[in-house]
Amino acid sequence: MTHTEQVIANALALVDASRAARERDQLRRAAWQKKVELSRPLPPLPRPVQLPLALN
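Here's what the structure looks like:
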């Protein structure tokens, strides 16, 4: 295998690895989004809370 063929093979391997990583990430994000959509909303706060602001 010549140097040129080796460079091309390395580039194709990198493209395949990148595509596989992107597909895994998309599946992971889809699963996370499904969890977020299925989770119940947070309960409302019982009353408004005002935090003190010290300007010293």
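Under the numbering used here, the first residue of the sequence shown is numbered 1098, with each subsequent residue one higher.
Using N, Cα and C, we set each Cβ at its ideal position, and we do this for glycine too.
query                                                                                               : result
Inter-residue spacing [alpha-carbon to alpha-carbon] between Q1123 and W1129                        : 10 Å
Rounded straight-line distance, which links the Cα of L1111 to that of E1102                        : 14 Å
Reduced DSSP category for N1107 - H, G, I as helix; E, B as strand; rest coil                       : helix
Neighbourhood of P1145 by C-beta, 7 Å cutoff - its chain only, sequence neighbours within 5 removed : none
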